[in-house]
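Keeping their order, the protein sequence lines are chains A and B.
Going by the numbering used here, the first residue of the first sequence is number 8, and it counts up by one from there.
Going by the numbering used here, the first residue of the second sequence is number 8, and it counts up by one from there.
The C-beta atom is built at its ideal place from N, Cα and C for all residues, glycine as well.
Please read these numbers as outputs of a predicted model, since none were measured by experiment.
Protein chains: 2
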Amino acid sequence: MKFCVNTDKKNSWYIGVNNYDPKMINKLETLMFQGNGYMGMRAVSEERQLNERRNMFVSGTFDAFPSEVTELPNLPDILNMEIQIDDMPLSLSTGRVENYQKSLNLKNGELTRNFDWIINDKRVNFKYSRFVSMKDKHLFVSKVEITSDKDINVKVQSGIDGQQSNSETQHMMEGDKRLYDGKFIQMKSETQQSHIKFVFNVRHKLYVDEVLMGNKPYMKMGRRQIFGNYDVDMKANQKFTLVKYANVYTSMDEHHNADKMAESSVDDLKFASLSNYKELLQKSARVWNQNIWKKSFVQIESDDVMPQVSINFARYQLAANTPHDPRKNIGAKGITGEGYKGHSFWDTETFMLPYYTFTMPEVARNLLTYRYLGLEGAHKKALANNYKGAQFPWEAAHPADGETTPLWGSADIVTGKPMKIWSGFIEQHITSDIVIALMDYMNATGDHDFAEKMGFEIILDAAKFWSSRLEYNQAQDIYEINDVIGPDEYKEHVNNNAYTNFTARWCIQKAIKVYNLIKEDNPALYVDLNDKLNLKKTYGDWIKQVNKIYVPQPNADGVIAEDDQYLSKKIIDVSKFKVNDQISNVFKYYNLSQINDMQITKQADVLLLIYLFEDMFTDKVKMSNWNYYEPKTTHDSSLSLSIHSILASDLGLADEAYKLYEMSCETDLGVHVGKAAQGLHMAACGGVWNMTVQGFGGMRIDNGRLKIEPHLPDNWKSLKYQIQWQGSTVKVSVDNENLVVEAVGKGVEFINHGQTYQVAANSNVAVETSVEEFV
Amino acid sequence: MKFCVNTDKKNSWYIGVNNYDPKMINKLETLMFQGNGYMGMRAVSEERQLNERRNMFVSGTFDAFPSEVTELPNLPDILNMEIQIDDMPLSLSTGRVENYQKSLNLKNGELTRNFDWIINDKRVNFKYSRFVSMKDKHLFVSKVEITSDKDINVKVQSGIDGQQSNSETQHMMEGDKRLYDGKFIQMKSETQQSHIKFVFNVRHKLYVDEVLMGNKPYMKMGRRQIFGNYDVDMKANQKFTLVKYANVYTSMDEHHNADKMAESSVDDLKFASLSNYKELLQKSARVWNQNIWKKSFVQIESDDVMPQVSINFARYQLAANTPHDPRKNIGAKGITGEGYKGHSFWDTETFMLPYYTFTMPEVARNLLTYRYLGLEGAHKKALANNYKGAQFPWEAAHPADGETTPLWGSADIVTGKPMKIWSGFIEQHITSDIVIALMDYMNATGDHDFAEKMGFEIILDAAKFWSSRLEYNQAQDIYEINDVIGPDEYKEHVNNNAYTNFTARWCIQKAIKVYNLIKEDNPALYVDLNDKLNLKKTYGDWIKQVNKIYVPQPNADGVIAEDDQYLSKKIIDVSKFKVNDQISNVFKYYNLSQINDMQITKQADVLLLIYLFEDMFTDKVKMSNWNYYEPKTTHDSSLSLSIHSILASDLGLADEAYKLYEMSCETDLGVHVGKAAQGLHMAACGGVWNMTVQGFGGMRIDNGRLKIEPHLPDNWKSLKYQIQWQGSTVKVSVDNENLVVEAVGKGVEFINHGQTYQVAANSNVAVETSVEEFV
């Protein structure tokens with residue numbers, strides 16, 4: 008693996024750089040992002056820099072600028088500090104910079120930046136550190152320490168800078184700015200269309216040689232700006248320390264009185280600032296430890312530290328970007344950048360939900376509740392397209408919004424006509440993806456409460472959509488689904504996409520089961536849902552349709568056609584487009600309409616299908632399709648590599664599995680400069696856990712039962728991980744000799760190569776892996 | 008005089024700098040602003056820089072962001088060029104920069120920037136040049152020439168960059184982007200509230216060693232961005248030249264079909280780009296010469312070039328910032344920056360209009376027509392305040408908008424309560440200022456057409472407002488005006504401000520004359536205006552009020568009280584606040600409420616009154632008030648210095664007059680870094696002409712007659728200037744011996760020290776000045 012950041016053999020929680028490279032700033036801003044799911048900020052420097060992307064977001068606070076689709080507004084900045092030494096503004100592009108180091112501690116979320124700045128024969132040492140609290144979701148704390156070998160004058164301007172925007176689209180209306188008690192700087196603002204109110208507070212504490220000073224800030228206000236200014240003369244070797252406490256609240260916050268927000272948020276900051284930086288960091292670190300690292304424990308023993316760094320980084324970013332509020336979901340880029348406008352896609356269900364379902368089921372439940380709240384929007388979308396039931400949006404923002412995919416993309420620069428973005432109209436598989444993730448959640452957790460309150464309804468409503476979506480082909484007496492985009496987005500307007508048709512039928516099959524189950528077991532619920540969804544009539548449709556839904560079958564060579572047209576298209580050599588250091592490399596050679604006519608795949612729909620429904624395909628069919636589609640796949644998506652790696656593990660293709668694993672780990676951490684500049688690939692983070700635990704760790708759901716069939720990579724000595732299964736904690740340990748499965752809490756049952764093992768409560772079972780491997 | 012830019016003894020049209028100083032960038036962006044009255048752009052560098060203020064405006068295209076008052080939107084940028092040499096992005100903060108020179112040619116409006124950039128042992132020479140055409144008001148042309156002593160690769164990205172805003176307030180909705188004919192890059196946008204449509208076009212021509220190349224741009228589009236990219240390998244000493252042609256049109260443009268704007272603007276650019284850079288520059292320079300330099304001719308013979316540079320700079324900026332469209336006016340900062348939101352104030356009438364009235368009366372007429380169109384807004388404002396007639400807005404944008412002064416300023420940072428901006432409510436003298444300027448215009452031009460169509464109506468409507476504004480004091484049987492702000496803005500809520508009361512009475516006196524005049528001479532107009540303004544009733548009010556309007560009279564010492572309270576306030580030593588290198592210096596010592604209780608003046612109302620109505624005050628009263636108020640005036644406004652200088656000239660205080668003149672010339676060109684950062688002081692530009700021609704040149708209107716009584720400064724050998732008077736061109740030449748007045752066209756009459764001189768058509772008259780001085 009090759010990363011753009013340094014790692015540390017002895018500390019798998021470290022990522023850092025030792026030189027300041029202006030070309031890397033956007034990428035590093037993303038990689039060293041700090042957040043707690045509620046809010047987050049890119050790792051920009053405290054002082055402004057050319058070409059920086061200074062973003063801070065609060066999850067779920069969407070707003071629409073006139074003529075644009077809704078997006079997550081970039082908020083007033085609270086991390087700014089502009090420093091002058093002897094009236095020279097600190098800038099890494101002036102003077103000489105030595106001993107530069109910037110790094111992120113993944114374990115406690117602390118970002119540090121240290122360097123010596125040499126000007127006028129003075130060596131001035133700067134140590135910056137900061138974190139977004141995991142304990143108090145509204146709190147951000149930051150610190151700068153300055154020392155010099157000579158006397159210096161230090162001036163600092165720091166406060167709240169609302170001169171921020173989403174690439175110059177401005178969502179925020181300017182509100183009042185004021186100072187409370189001569190100490191607490193406050194600014195209010197409000198989104199211009201969704202009218203979400205925000206309040207930001209900042210206070211500073213200034214120390215000289217660790218002694219708290221009484222300096223009052225000299226205030227400066229500008230448009231959308233309010234700053235405190237400090238001016239201190241320092242002797243040689245004295246230490247100047249400024250600690251900045253800041254918090255953010257919104258009118259969307261739960262249990263919060265929006266009218267009193269201005270006052271109560273100041274009280275909260277008063278209370279927080281009674282503690283010093285270190286105390287608050289420790290409180291936050293304890294929550295990271297308890298709520299994240301313990302629950303999602305994964306340990307890889309290997310001479311190479313990068314696999315452990317990768318899984319730590321993935322879990323860090325998942326934690327930093329996942330809101331704990333059912334009205335909010337995880338954006339495709341989390342809250343790490345403006346990319347995809349903060350919208351959520353199937354990325355959540357297909358790539359990130361397994362991690363939460365198996366480690367923090369309460370988070371998974373929140374994320375699925377978001378879809379339940381989204382039924383309103385899904386009904387809107389179905390109606391708008393002349394369908395029934397719940398057609399979930401391709402891109403989602405506020406749950407009730409429905410579809411938020413931009414309708415039109417850039418104009419075709421030659422014809423001048425704007426190009427329609429088809430995903431919002433015809434990339435319809437997301438409705439199935441949600442049901443698949445939801446079934447996994449219910450199987451893994453046995454959460455009957457969720458099933459009855461939300462899960463069953465989503466399944467039935469989704470199947471109602473699919474039923475209305477089917478097209479009857481009288482000539483062949485079958486139901487088809489034509490004119491869609493499958494997960495392979497290279498192919499627009501295809502008919503009978505294997506993935507879409509298969510999962511649509513599966514949804515209807517599930518709905519039939521659910522219908523019968525609740526009718527039998529829960530008549531009250533049945534009556535309720537029948538009222539809501541006109542179930543009896545809908546059930547009739549399902550029964551009529553289900554066995555006639557056309558699903559492509561393996562051909563003579565065992566290959567399942569991706570769609571009606573795919574196999575008849577031209578075959579070309581795809582290998583030169585499989586280079587991992589270019590985005591959309593293939594588009595340098597062909598345009599979309601040419602690509603549409605070739606057997607070239609962005610991500611292989613059929614292989615995804617096989618991964619998700621592994622028990623429904625024979626090994627021979629799996630291998631045939633692997634051999635057919637993998638060479639034709641460019642992996643020009645951050646989504647496919649992890650799926651292919653897991654499938655390769657399943658098929659015993661250890662080298663391929665590991666190669667794909669490494670490529671996937673490099674999605675963001677790798678050396679490609681442009682790739683993470685606009686934000687992180689959250690699905691790839693989910694994918695790292697999936698490859699590690701589901702692929703190499705072999706942990707899967709097999710017909711509702713727990714299956715553990717590890718495929719330990721050659722250069723790993725052991726792999727340990729922990730999951731939640733039906734309310735129990737299951738600890739799994741794999742090395743070259745043994746698979747040990749321990750149950751904490753109730754006992755559990757698992758399958759391993761066809762055999763069922765019972766693990767008693769608070770006990771463990773060992774299975775010889777070395778033998779298994781040669782069977 | 009001390010300027011922040013270099014001047015050239017031999018070329019009074021040159022301002023430039025020879026070193027690149029990051030602290031100066033905003034100030035130089037303003038000083039080297041380029042415009043043609045229709046559009047204009049700050050002198051930012053082609054490549055982005057930290058802390059730059061990249062502004063381009065089209066006059067009068069106001070828009071309001073939600074919760075904010077209307078302002079001039081910062082538009083998509085058309086001057087950008089990002090260059091890479093051997094893949095190193097050009098930045099003046101990397102590598103070594105030598106032979107740096109940036110300068111503006113005031114004569115033809117061309118901005119040039121040259122330097123050597125030394126990277127990797129290669130010396131790369133850059134020559135940038137650009138201009139906003141004075142011939143085609145929609146056209147901007149720019150050029151970069153690159154040569155190197157070694158082989159280099161040159162990459163250029165250039166196009167239209169809509170990622171601009173007003174300090175992050177975004178007015179523009181993103182529109183279509185496209186390429187026409189593989190060459191013409193186009194972007195549309197539209198203001199979000201006022202729905203003014205814009206179209207921007209760019210094309211490039213690329214030359215190697217002067218040979219036109221056929222390179223097609225590789226297009227890149229981003230949010231609000233569309234760029235062409237060029238990539239050329241150059242041999243040592245070969246010359247790379249890229250010429251950028253750009254134009255801008257709006258749906259406000261006259262004689263323009265907004266529906267066809269997209270196509271016709273491309274046709275216009277096609278046509279323009281048939282000519283090369285030099286040809287277009289020459290065409291533009293010819294218009295500068297004919298329309299500006301010849302008409303406003305002023306020549307100062309002196310060993311010091313700075314006075315000539317100052318008057319050239321002032322006239323350059325006035326020309327670059329004055330729209331030729333009666334729906335638009337000159338902003339207090341023109342279109343040179345975001346300061347004052349592009350709004351127009353009394354600055355236009357009191358400080359800039361004399362220049363236009365006497366050199367380009369057609370422009371003056373446009374500017375006064377703007378106020379006529381503004382009657383609708385002025386009625387709105389009067390109604391809102393329970394007055395009658397036309398109360399002109401303190402700050403004006405679209406004529407019909409009425410008042411656009413922000414209602415609330417920043418919050419008081421201690422109490423947290425927002426502070427009311429009182430000027431929009433009680434700084435009411437602007438209604439008089441408009442009438443004063445209008446009378447001067449009518450006297451100087453004899454424009455009867457204007458008088459009958461607009462001028463008389465404005466006077467009557469303004470007087471109708473003043474009549475409704477007067478407050479009857481029964482005890483003393485007088486009419487008062489209480490609770491106002493005069494031009495001295497240090498004093499809020501004063502009663503019977505001398506300037507306000509005097510000019511209000513004067514307005515009513517003028518209106519009475521106008522009433523009688525039109526009733527007698529123009530019954531049709533009388534009937535019309537009587538219908539509109541209910542004149543008969545209003546006239547009755549005027550007659551009842553006019554002789555009872557209280558106007559402060561000179562006291563025993565000859566001093567006229569600024570207002571009822573002023574003379575009883577505490578007297579302090581103001582000298583330490585008179586330093587010209589600080590803005591609002593006095594506020595570092597006192598707050599507004601303290602200043603309100605002291606005899607300290609921002610600009611002296613009474614002296615302004617004496618300047619405007621010189622024939623109404625005796626020399627003794629003038630001198631008494633000068634001696635009383637000048638020492639109490641901080642000149643913490645760009646407006647007062649020129650008035651005081653002229654008055655000092657009148658009073659024979661030659662040294663003081665010249666000192667104030669120099670300080671006024673330094674308003675923008677001086678060394679104070681912050682002063683012009685947000686835009687130029689347009690009134691100070693008008694002031695430079697006023698001091699030169701009205702002060703030293705002694706050209707004035709005396710009871711409707713032309714008076715010429717020069718006061719040539721000691722270090723000036725001669726002063727020549729040209730004005731328009733009643734349709735004739737009058738050329739005035741003054742040296743230490745003679746004043747020569749020449750009439751081109753009809754003959755003219757002028758007064759000099761009580762004596763009337765007749766100048767026959769196309770002839771001249773000489774008056775001995777040396778004798779006069781000793782009389």
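Listed along chain B are Ser174, Glu175 and Thr176, each with a C-beta nearer than 9 Å to that of Arg231 of chain A. Taking a cut-off of 8 Å on C-beta distances, the segment 206 to 221 of chain B does not touch the segment 25 to 40 of chain B, as fewer than three cross pairs fall below it. Within the segment 563 to 611 of chain B, the alpha helix (DSSP H) runs of at least 4 residues that lie entirely inside it are, in chain order, 599 to 603. Across the structure, Gly761 of chain B and Asn106 of chain B are spaced so that their CA atoms are roughly 58 Å apart. Contact between Ile203 of chain B and Thr68 of chain B holds, since their C-beta atoms are separated by about 5 Å, short of 8 Å. When DSSP states are grouped into helix, strand and coil, Asn392 of chain B belongs to the coil group. Rounded to whole angstroms, Val24 of chain B and Met179 of chain B show a C-alpha spacing of 34 Å.
Between the alpha carbons of Glu152 of chain A and Met367 of chain A lies a distance of about 38 Å.
With 16 or more neighbouring CB atoms inside 10 Å of its own CB, Gln315 of chain B falls in the buried class. Ranking B:Gln164, B:Asn13, B:His651 and B:Tyr363 by CA distance to the CA of Val239 of chain B puts B:Gln164 first. Of all residues in the segment 56 to 80 of chain A, only Gln56, Leu57, Asn58, Phe72, Pro73, Ser74 and Glu75 place a beta-carbon less than 9 Å from a beta-carbon of chain B. The beta-carbon distance between Gly116 of chain B and Met689 of chain B, rounded to whole angstroms, is 17 Å. This is too long to meet the 8 Å contact definition.
Here Gln108 of chain A is bridged, per DSSP, to A:Asn121.
Within the segment 180 to 197 of chain A, contact with chain B at the beta-carbon level (separation under 9 Å) is assigned to Met180, Glu181, Gly182, Asp183, Lys184, Arg185, Leu186, Tyr187, Gly189, Ile192, Gln193 and Glu197. Setting aside the 5 residues that flank it on each side, Gln560 of chain A is surrounded in the same chain by Ile567, each with a C-beta closer than 8 Å to its C-beta; the list follows chain order. Under the Cβ distance rule, Ser317 of chain A does not count among the residues neighbouring chain B, no pair being separated by less than 7 Å. Beta bridge pairing from DSSP links Tyr323 of chain A with no other residue.
Under the Cβ distance rule, Gln199 of chain A counts among the residues neighbouring chain B, one pair being separated by less than 7 Å.
Per DSSP, the unbroken beta strand (DSSP E) holding Met194 of chain A starts and ends at Phe191 to Thr198. Against Gln170 of chain A, the close residues of chain B are Ser174 and Glu175, in the order they occur along the chain (beta-carbon pairs closer than 7 Å).
Going by DSSP, Glu464 of chain B is part of no beta strand (DSSP E) but of the alpha helix (DSSP H) stretching over Phe463 to Arg476.
Using beta-carbon distances, Ser100 of chain B counts as an interface residue toward chain A, with a partner under 7 Å. Under the 8 Å Cβ criterion, the segment 611 to 621 of chain B counts as touching the segment 487 to 497 of chain B, having at least three qualifying pairs. Membership of Ala683 of chain A in any beta strand (DSSP E) is not indicated, and neither H nor E is assigned to it by DSSP. Listed along the chain, the chain A residues whose CB falls inside 8 Å of the CB of Pro425 of chain B are Asp183. Pairing Thr376 of chain B with Val65 of chain B gives a Cβ-Cβ distance that is not under 7 Å. Under the three-state reduction of DSSP output, Phe352 of chain A falls in the coil class, being neither helix nor strand.
Between the segment 358 to 374 of chain A and the segment 319 to 334 of chain A, the count of Cβ pairs shorter than 8 Å is three or higher; the stretches touch.
Classified as buried, Trp295 of chain A has 16 or more neighbouring CB atoms from the shown chains inside 10 Å of its CB. Rounded to whole angstroms, the separation of the alpha carbons of Phe320 of chain A and Leu676 of chain A is 9 Å.
Ranking B:Val700, B:Ala470 and B:Pro720 by CA distance to the CA of Val305 of chain B puts B:Val700 first. Distance check between Thr763 of chain A and each of A:Ser770, A:Asn254, A:Val774 and A:Asn769 places A:Val774 closest, using alpha-carbon atoms only. Distances from the alpha-carbon of Asn222 of chain A to those of A:Phe278, A:Lys162 and A:Lys242 put A:Lys162 closest.
With a cutoff of 7 Å on beta-carbon distance, Lys387 of chain A and Tyr486 of chain A are scored as not near each other.
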